[in-house]
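J.: I'd like to ask some things about the structure below.
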Amino acid sequence: MSILVYIESNENEIKKSSFELLSYAKELSKKLSLEVIALVINCSNILTLQEFGPDKILSINQTKLNLFNAQNYAELISNVSKSTGAKNIIISDSVNCKYLASLLSVKINAAFISNVVSIPSSISPFIVKRSTFSNKAFCDIKINSDIKILSISKNSFGVNKNKSEPIIENIENDFIESGIIFESVELSSGSVRIEDADIVVSAGRGMKGPENWNIIEDLAKTLNAATACSKPVSDLGWRPHSEHVGQTGKPVSTNLYIAIGISGAIQHLAGVSSSKVKVVINTDPEAPFFKVADYGIVGDAFDVVPKLNEKLKVFQAENN
Amino acid sequence: MVCVSCVPETTSKINFTNNNTEFDSSQVQYVINPNDEFGLTRAVWFKENDGAEIDVISVGLENTDQILRKALAIGADRGYRINQEPTDSYQVAKLLSNHISKHNYDLVIAGRESIDYNGGMVPGIIAEILHFNYVTNCVDLKINENKAKIKREIEGGIETLSCKLPLIIGAQKGLVEESDLKIPNMRGIMQARSKPFEIIEDNTVETKTNTISFSKPDNHKEIKLLSPDNLDELIDLLHNEAKVI
C-alpha cells in the first residue's frame, strides 16, 4: 500500500510543481501511514526529489514516452498503480494531468477530484476541500471510492523540505499505444509560461491598443514574468487566447499578479483569486480590482509602468 | 453529438443556502456552459458546411430544457434530456455513455470543463468507457473522411494531433471565437418547437463522490494605496512585506 505521486517534467527536467505534490503526499502519508512513491518518466535529475521525502522513486526511461500522450501516460500510471497497490494517486493541476486523469480514473475505477486545495479534513470518511464555481467558492467532497486520484491546485499547499533516502528502481513498462498520433508542435518562443511563472504581468483594455504592449513586455522581462491579458483584449485580437486569464480562459495561481489597466470583471477576478499577492494599476479608483488587490496605484499606466520598470532595474542591480 | 451543461451565467453571484449545503439558485440566470457553446457552434459549422446532423444532450431536471431549446434554435436537430439531477461527474458521464453507446456518433463534443463544478472529467470518462479517441483543450478541429486533425492548447504552445473517428473532444475558446457564437433568431426559435425532443428515463445511479458543504473565500482585504509618485515604496513593500520580488 502506498501513495503514488506522478512527477511531471518538461523537456526531461522535473517541474517545480512536483515538489509541492511530494510535500502534500508526505503530509498525507503521515495520516494514512503509507509510503510515498514518486513515478518519474524520462528524467535525468531524479535525485533532486529526495529533498521532499519520497520513500521510493520509480524511474522509467522509454523512448515511446518521450512525447506526452494522455492515453499512453494514463495506461502507464494505471499499470504502476496496480503493481504497487497504490490507492491514492497525487497529480498536479496542469492541463496534461487533468487530461490523463479522467482516462486513468476509469482504468483503475477511481474517483478523480480536481482542484484540491488542502489535506483531507477527515480520512474515514475521506473528505477533501476543492475549489469550485471557477474559484468563487470551495466545497467539501466526500469520496466514496477506495481508489482516489487527487489533483492539487498549484500553490495551495506549499513546499516543505523533508530529506529522505529513497530506494531508486528503474522499471520498464509495456502497453498498447494510443490511436492518437502526434503531428507537430508550435511553441510560443522566448516567453515565460503563465502556468510556471512566479510573477504574471497582465494588462487590459486600458492599454488602448496592441501597439502599446511593449511597456508590459518590458516590465515582464525585468521581473522574469509571464504576460497575460483580460478577456476583451484577447477577443479584440490584441493578444493571443493563450494569454486570456479568467473564467473561460486560464486560472492563474502565481505569487505576484500585476494587473495593469484591467478594471476587474467578476470572471477575471475569479481567475486570479488564488494568486497570492495582487497589485493593481488603474486610472479609475472605482475599478472593482481595487477591492481584491493587496497594493494599488491610481494612475496612468503609460506613466507608471515605464517608471516602475526603471526603478525595478535599479532595485535589482542593488540587490544582486 | 454535443453534450451541454446548464450553468449559472458567468456574472452570477455565488451564494449558498440550507446551511451551506446547496447552491442558491434564486435570481440566477442559467446558460449553456460557455465551453460547451464553443463546441456547439463548431458543430453547427459542420452542419452548414458538411451536412452533419447534430444531436444535443444534457443531464438534468426540467429547468435544463431552456438551454436545450436554445441549442435547437441555434441549429441542433434533435434534443435529449436524461432526467436525473446531476450530482457527480462520474454519474453524468455514465448516463451520457449509456445514450451514446446506442447511437453511431462519429464525433462527440463536450466542453473542456463546466464553469460551475470545474471537474473537467466528463468527456474523458465517456471516452474511456466507450473506447473513443479523446482530445481536450481543443482549439481547432478538421475532419476529412474518417480522420480528424486536432489542435490542442498545451502549456507554452499548441500541438497538432491526428486520429481516426470516433472521437470525443473537450472544446474551449479558440475552437470558435466569441464573436462566432450564435444568437437564436425568431425563425430558429419557431423551428426549435417542432424539432424532436426526448426525455430519457435512465435510473443508473453511479456516483463516486458527494458534495457535503460549500464555503466562500475570504475576499476581504485592506488594500494599500500608493501614490504614483512613490513607486519606491511599492517596490519596498513587495520586497520586504509581501516577499514576492
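Keeping their order, the protein sequence lines are chains A and F. Quick note, the first sequence lines up with residues 1379 to 1698 if you use my numbering. Quick note, the second sequence lines up with residues 1430 to 1674 if you use my numbering. C-beta atoms are modelled at their ideal positions from N, C-alpha and C, and glycine is treated no differently. On a predicted model such as this, the values are computed, not experimentally measured, just so you know.
What does a CB cutoff of less than 8 Å around F1504(A) pick up in its chain, not counting 5 residues either side in sequence?
T.: In the first sequence, counting from the first residue as 1, residue 1504(A) sits at position 126. If we look at F1504(A) and ignore the five residues flanking it on each side, its Cβ neighbours are P1498, K1520, I1521, K1526.
J.: Strictly below 9 Å CB to CB, what residues from chain A border C1592(F)?
T.: Looking up residue 1592(F) in the second sequence gives position 163. Near C1592(F) (Cβ distances below 9 Å), the residues of chain A are S1556, G1557, I1558, I1559.
J.: Output the distance between the C-alpha atoms of I1558(A) and N1420(A), rounded to the nearest integer angstrom.
T.: Mapped onto the first sequence, residue 1558(A) falls at position 180. Mapped onto the first sequence, residue 1420(A) falls at position 42. Roughly 20 Å separates the two Cα atoms.
J.: Identify which residue in D1517(F), L1570(F), E1582(F) has its Cα closest to the Cα of K1628(A).
T.: Within the first sequence, residue 1628(A) is the residue found at index 250, counting from 1. Answer by Cα proximity: E1582(F).
J.: List the residues of chain A whose Cβ lies closer than 8 Å to the Cβ of M1550(F), in chain order.
T.: Taking the second sequence and counting its residues from 1, the one referred to as residue 1550(F) is at position 121. Within chain A, the residues near M1550(F) are K1476, A1479, S1480, S1483, F1490, S1492.
J.: Could you name the residues of chain F that L1690(A) contacts, counting a contact when the two beta carbons are closer than 8 Å?
T.: Residue mapping note: residue 1690(A) aligns to position 312 of the first sequence, counting from 1. In chain order: I1664, I1674.
J.: Quick one: using the 10 Å Cβ neighbour count with 16 as the cut-off for buried, is N1450(A) buried or exposed?
T.: Residue 1450(A) sits at position 72 when you count from the first residue of the first sequence. Buried, by the Cβ-count rule.
J.: Could you spell out the range, first to last residue, of the alpha helix (DSSP H) harbouring F1680(A)?
T.: Counting from 1 along the first sequence, the entry for residue 1680(A) is found at position 302. 1679-1697 is the span of the alpha helix (DSSP H), which, as asked, contains F1680(A).
J.: Ignore the nearest five residues each way along the sequence and tell me which others in K1609(A)'s own chain have a CB closer than 6 Å to its CB.
T.: Stepping through the first sequence from its first residue, residue 1609(A) is reached at position 231. H1622, G1624.
J.: Any C-beta of chain F sitting closer than 8 Å to the C-beta of E1564(A)?
T.: Here the question's residue 1564(A) lines up with position 186 in the first sequence. Yes, contact with chain F.
J.: Throw me the rounded Cβ distance for the S1380(A) and V1418(A) pair, which I believe falls under 8 Å.
T.: In the first sequence, residue 1380(A) corresponds to position 2, counting from 1. In the first sequence, residue 1418(A) corresponds to position 40, counting from 1. That pair is no contact at about 15 Å.
J.: Report the three-state DSSP secondary structure of R1471(F) (helix, strand or coil).
T.: Along the second sequence, one-based indexing puts residue 1471(F) at 42. Looking at R1471(F) - three-state DSSP - the assignment turns out to be helix.
J.: Distance check for R1617(A) and T1589(F), CA to CA, integer angstroms please.
T.: Position 160 of the second sequence, counted from the first residue, corresponds to residue 1589(F). Position 239 of the first sequence, counted from the first residue, corresponds to residue 1617(A). Rounded to whole angstroms, T1589(F) to R1617(A) spans 21 Å at the Cα level.
J.: Here's the rule: buried if 16 or more other CB atoms are within 10 angstroms of the residue's CB, otherwise exposed. What is I1468(A)?
T.: Position 90 of the first sequence, counting from 1, holds the residue named residue 1468(A). I1468(A) is buried by the Cβ-count criterion.
J.: Pick helix, strand or coil for D1574(A), following the three-state DSSP scheme.
T.: Counting from one through the first sequence, the residue named residue 1574(A) turns up at place 196. Here D1574(A) sits in coil by DSSP.
J.: On the three-state DSSP scale, how would you describe E1564(A)?
T.: Taking the first sequence and counting its residues from 1, the one referred to as residue 1564(A) is at position 186. Strand, per DSSP.
J.: Can you tell me whether DSSP reads L1667(F) as helix, strand or coil?
T.: Here residue 1667(F) refers to the residue found at position 238 when the second sequence is read from its first residue. The answer is helix: DSSP assigns L1667(F) an H, G or I state.
J.: Near I1628(F), what residues of its chain come up, given a Cβ to Cβ distance below 7 Å and the 5 sequence neighbours on each side ignored?
T.: In the second sequence, the residue the question calls residue 1628(F) occupies position 199. Around I1628(F): R1510, N1512.
J.: Just to confirm my understanding: we take S1631(A), look at its own chain, exclude 5 residues before and 5 after, and list those with CB closer than 7 Å. What are they?
T.: As a position in the first sequence, residue 1631(A) is number 253, starting the count at 1. Excluding sequence neighbours, S1631(A) sits near S1531, K1532, N1533, S1652, S1653.
J.: Look up N1462(F) in the DSSP assignment and say whether it is helix, strand or coil.
T.: Stepping through the second sequence from its first residue, residue 1462(F) is reached at position 33. Three-state result, N1462(F): coil.
J.: Going by C-alpha distance, which of D1609(F), V1436(F), A1472(F), K1624(F) is nearest L1570(F)?
T.: Counting from 1 along the second sequence, the entry for residue 1570(F) is found at position 141. The residue with the shortest Cα to Cα distance from L1570(F) is A1472(F).
J.: Consider the Cβ of G1553(F): report whether some Cβ of chain A lies at a distance smaller than 8 Å.
T.: Your numbering for residue 1553(F) matches position 124 in the second sequence. Yes, because at least one Cβ of chain A sits closer than 8 Å to the Cβ of G1553(F).
J.: For a minimum of 3 consecutive residues, which ranges assigned as the beta strand (DSSP E) are wholly contained in the region 1454-1527 of chain A?
T.: Within the region 1454-1527 of chain A, the complete beta strand (DSSP E) runs of at least 3 residues are 1464-1470, 1489-1494, 1504-1510, 1515-1521.
J.: So what does DSSP say about G1480(F), is it helix, strand or coil?
T.: Along the second sequence, read from residue 1 onward, the residue named residue 1480(F) stands at position 51. G1480(F) falls in the coil class under three-state DSSP.
J.: Check the DSSP bridge columns for T1446(F) and list the partner residues they point to.
T.: As a working mapping, residue 1446(F) is identified with position 17 in the second sequence. Answer is E1451(F).
J.: Mind checking if N1633(A) is an interface residue toward chain D, Cβ cutoff 8 Å exclusive?
T.: No chain D is present in this structure, whose protein chains are A and F.
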